[in-house]
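A.B. asks:
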Amino acid sequence: MPATIVNSSTQSARQAATLPAPRIRSVAEIEALFNLPFNDLLYLAQQVHRRHFDANAVQRSTLLSIKTGGCPEDCGYCSQSAHHQSGLVREALLSLEEVIDAAQAAKLNGATRFCMGAAWRGPKQKDLDRVVEMVTAVKTLGLETCVTLGMLQDGQAEQLKTAGLDYYNHNLDTAPEFYGQVISTHSQADRHDTLKKVRAAGINVCCGGIVGMGESRHARAALLAELANLNPPPESVPINNLVPMPGTPLADAPPLDPFEFVRTIATARILMPASMLRLSAGRQEMSDELQALCFLAGANSIFYGDKLLTADNPVIGRDEQLFSRLALKAI
Ligand code: SAM
Ligand code: DTB
Ligand code: SF4
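Just so you know, we're using our numbering here: the sequence shown kicks off at 901 and counts up by one.
In structure tokens form, the structure reads like this:
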């Protein structure tokens, strides 16, 4: 007997998946999206995604840690914090030549954006002067530029903008009510302060967060509310799945249900319809099938290259195969 074919465009499915008004702002409304049946949530997210983007195109950014370890901040997830015994070897700020070599390799491999990360509370002026040179040099190679340097002082964002910086990454990371349980050396208000400086300087904002730190679904909804309520919302939204780093307070955090990660992506897509949504840390630990679900849910960007900052990322060959199997276009 032939199986019954369920048509997803039946009347009842359409009713179940009515598009919400744009710009939902309350945590309760966002949690209600999270609580939808999985298929309805994905159906909503796909409609939003296809209205704003080519659903088969994925942007690729390559990361480079330009100054590794020894960070004075105490973020509970981070291998680079001097507060944790992660065993990471500290490295001084890379030379301009080292950065240019890495950026050239990233471009040859097909990345369109090069993101440089430094483990600082914020840049000292002499360090910023060197980063400014790096940004200008990477931009000259024909790559989009992004840096993540911690908190900025007045005037520093303008210097980066003048150097040719396209994006500044500074995450809100988690729900306001959970922030203090993960980080004590700065507040989420400090993060908002730097985001305002970046925005005022005319630099695109890259701002997202981490899930899988033992937070509740309510807290994930509250993180997305913080992000979506930025006015304007960030142009780029990285969603990181915790990579449990040995020696950090979150080394033994129980893994998040993978479907809950997909729900987070789908809800972020609905709330920030025109933002690039990056499937960020944690891809190495994900199956190809889980990543495909994330793309279906609206993720349209990845970090590309075998290292994130200190954690592993899929090797380029694995991503090439995945793109080929899914017929995804790299943009
Ligand atoms: N120091 C800068 C800062 O904190 O903004 C830039 C680097 S920091 C490593 C960038 C982001 O990486 C963090 O905001 C966090 O979202 C993410 N991250 C750090 N460690 C992670 C981990 N173990 N797993 C997943 N994401 C992580
Ligand atoms: C972001 O949100 N994720 C990237 C980037 N911005 C700088 C960093 C992920 C770091 C993962 C852990 C590590 O490599 O140490
Ligand atoms: Fe430092 Fe950034 Fe790591 Fe926090 S996440 S410890 S600020 S490098």
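Backbone N, C-alpha and C define an ideal beta-carbon position, used for all residues, glycine too.
Reducing DSSP to helix, strand and coil, say where Arg1021 ends up.
C.D. replies: On the sequence shown, residue 1021 is found 121 positions in, with the first residue counted as 1. Reduced to three states, the DSSP call for Arg1021 is coil.
A.B. asks: Would you check whether the ligand SAM has a heavy atom nearer than 7 Å to the C-beta of Gly1010?
C.D. replies: As a working mapping, residue 1010 is identified with position 110 in the sequence shown. Because no heavy atom of the ligand SAM lies under 7 Å away, the Cβ of Gly1010 does not count as near it: no.
A.B. asks: Which residue marks the beginning of the alpha helix (DSSP H) containing Lys1096, and which one marks its end?
C.D. replies: Taking the sequence shown and counting its residues from 1, the one referred to as residue 1096 is at position 196. Run containing Lys1096: Gln1088 to Ala1100, per the alpha helix (DSSP H) assignment.
A.B. asks: At which residues does the alpha helix (DSSP H) containing Val1082 begin and terminate?
C.D. replies: For this step, residue 1082 is matched to residue 182 along the sequence shown. Pro1076 to Val1082 is the span of the alpha helix (DSSP H), which, as asked, contains Val1082.
A.B. asks: Count the other CB atoms, across all protein chains shown, that sit within 10 Å of the CB of Lys1026; report buried if there are 16 or more and exposed otherwise.
C.D. replies: The residue labelled residue 1026 in the question sits at position 126 within the sequence shown. So Lys1026 counts as exposed.
A.B. asks: Under DSSP, the alpha helix (DSSP H) around Ala932 begins and ends at which residues?
C.D. replies: Taking the sequence shown and counting its residues from 1, the one referred to as residue 932 is at position 32. First-last of the alpha helix (DSSP H) with Ala932: Val927 to Phe934.
A.B. asks: Starting from the Cα of Ala1019, find the closest Cα among Gly1198, Glu1185, Glu991 and Asp1188 and give me that residue.
C.D. replies: Looking up residue 1019 in the sequence shown gives position 119. Minimum Cα distance to Ala1019 is reached at Glu991.
A.B. asks: Our contact map puts Glu1044 next to Arg1013 with C-beta atoms below 8 Å; I'd like the distance itself, whole angstroms only.
C.D. replies: Within the sequence shown, residue 1044 is the residue found at index 144, counting from 1. Within the sequence shown, residue 1013 is the residue found at index 113, counting from 1. Yes, they are in contact, since the Cβ atoms of Glu1044 and Arg1013 sit about 4 Å apart, within 8 Å.
A.B. asks: Assuming Pro1138 is part of the beta strand (DSSP E), what are its boundary residues?
C.D. replies: As a first step, residue 1138 is located in the sequence shown; it is residue number 238 there, counting from the start. Ser1136 to Asn1141 is the span of the beta strand (DSSP E), which, as asked, contains Pro1138.
A.B. asks: Comparing C-alpha positions only, which one of Pro1149, Gly1147, Pro1134 and Leu1072 sits nearest to Ala1119?
C.D. replies: Sequence index remark: in the sequence shown, residue 1119 carries index 219 (1-based). Of the candidates Pro1149, Gly1147, Pro1134 and Leu1072, the one whose C-alpha sits nearest the C-alpha of Ala1119 is Leu1072.
A.B. asks: If I'm right that Cys1106 touches Asn1069 with Cβ under 8 Å, what's the distance once you round it to whole angstroms?
C.D. replies: Against the sequence shown, residue 1106 aligns to sequence position 206. Against the sequence shown, residue 1069 aligns to sequence position 169. About 4 Å separates the two Cβ atoms, so the contact holds.
A.B. asks: Per DSSP, which residues does Leu964 bridge with? Please list them.
C.D. replies: To locate residue 964, count along the sequence shown from 1; it is residue 64. In the DSSP output, where bridge partners are listed per residue, Leu964 has Met1016.
A.B. asks: Look at Leu988 and Thr968 and say whether their C-beta atoms are less than 8 Å apart.
C.D. replies: Counting from 1 along the sequence shown, the entry for residue 988 is found at position 88. Counting from 1 along the sequence shown, the entry for residue 968 is found at position 68. The answer is yes: Cβ separation under 8 Å.
A.B. asks: For Phe953, which of helix, strand or coil comes out of DSSP?
C.D. replies: Taking the first residue of the sequence shown as position 1, residue 953 is located at position 53. The answer is coil: DSSP assigns Phe953 none of H, G, I, E or B.
A.B. asks: Within the same chain, show all residues whose beta-carbon is closer than 8 Å to that of Met1176, passing over the 5 residues directly before and after it, in chain order.
C.D. replies: Counting from 1 along the sequence shown, the entry for residue 1176 is found at position 276. So the list reads Gln959, Glu1135, Ser1136, Val1137, Asn1200 and Ser1201, once near-sequence residues are dropped.
A.B. asks: Can you tell me which of the three DSSP states Glu1033 falls into?
C.D. replies: Walking along the sequence shown from the start, residue 1033 turns up at place 133. Here Glu1033 sits in helix by DSSP.
A.B. asks: Got a sec, what are the start and stop residues for the beta strand (DSSP E) Ile1110 sits in?
C.D. replies: Taking the sequence shown and counting its residues from 1, one reaches residue 1110 at position 210. First-last of the beta strand (DSSP E) with Ile1110: Gly1109 to Val1111.
A.B. asks: Give the secondary structure of Tyr1067 by DSSP, where H, G and I count as helix, E and B as strand, and everything else as coil.
C.D. replies: Position 167 of the sequence shown, counted from the first residue, corresponds to residue 1067. Note: Tyr1067 maps to strand in three-state DSSP.
A.B. asks: Once the 5 residues before and after Ala921 are set aside, which same chain residues still bring their CB inside 7 Å of it?
C.D. replies: Position 21 of the sequence shown, counting from 1, holds the residue named residue 921. With a pLDDT of only 49 at Ala921, under the threshold of 50, the placement of this residue in the model should not be trusted; the figure read from the coordinates follows. Nothing meets the Cβ criterion.
A.B. asks: Going by CA-CA distance only, name the one from Leu1142, Ser1084 and Glu1126 that's closest to Gly1114.
C.D. replies: Here residue 1114 refers to the residue found at position 214 of the sequence shown. That would be Leu1142, whose Cα lies nearest to the Cα of Gly1114.
A.B. asks: Let me know the secondary structure DSSP gives Ala921 once reduced to three states.
C.D. replies: Looking up residue 921 in the sequence shown gives position 21. With a pLDDT of only 49 at Ala921, under 50, the local geometry of the prediction cannot be trusted, and the value read off the model is given with reservation. Ala921 falls in the coil class under three-state DSSP.
A.B. asks: Which one of His984, Thr1040 and Ala1006 has the shortest CA to CA distance from Pro1146?
C.D. replies: Taking the sequence shown and counting its residues from 1, the one referred to as residue 1146 is at position 246. Nearest of His984, Thr1040 and Ala1006 to Pro1146, Cα basis: His984.
A.B. asks: Going straight from the alpha carbon of Glu997 to that of Lys1007, what length do you get?
C.D. replies: Indexing the sequence shown from 1 puts residue 997 at position 97. Indexing the sequence shown from 1 puts residue 1007 at position 107. About 15 Å.
A.B. asks: So what's Glu1008 in DSSP terms, helix, strand or just coil?
C.D. replies: As a first step, residue 1008 must be located in the sequence shown, where it is residue number 108. According to the sequence provided, residue 1008 is Leu. The question's Glu does not apply to it. Helix, per DSSP.
A.B. asks: Which residue or residues does DSSP assign as beta-bridge partners of Lys1061?
C.D. replies: Translated into the one-based positions of the sequence shown, residue 1061 becomes position 161. According to DSSP, which records beta bridges pairwise, Lys1061 is partnered with nothing at all.
A.B. asks: Give me the residue from Phe1159, Phe938, Tyr1204 and Asp940 with the minimum Cα distance to Ser1180.
C.D. replies: Looking up residue 1180 in the sequence shown gives position 280. The candidate whose alpha carbon is nearest that of Ser1180 is Tyr1204.
A.B. asks: When you compare each of Asp1188, Leu1123, Asp1212 and Pro1155 to Ala1168 by their alpha carbons, which one comes out closest?
C.D. replies: The residue given as residue 1168 occupies position 268 in the sequence shown. Considering only alpha carbons, the answer is Leu1123.
A.B. asks: What I want to know is whether the C-beta of Leu1209 ends up closer than 7 Å to one or more non-hydrogen atoms of the ligand DTB.
C.D. replies: By 1-based counting over the sequence shown, the position of residue 1209 is 309. Indeed, a heavy atom of the ligand DTB lies less than 7 Å from the Cβ.
A.B. asks: For Thr1148, does the three-state DSSP call read helix, strand or coil?
C.D. replies: Within the sequence shown, numbered from 1, the residue matching residue 1148 stands at position 248. Coil at Thr1148, not helix or strand.
A.B. asks: Count the other CB atoms, across all protein chains shown, that sit within 10 Å of the CB of Phe1223; report buried if there are 16 or more and exposed otherwise.
C.D. replies: Position 323 of the sequence shown, counted from the first residue, corresponds to residue 1223. Buried: at least 16 other Cβ atoms inside 10 Å.
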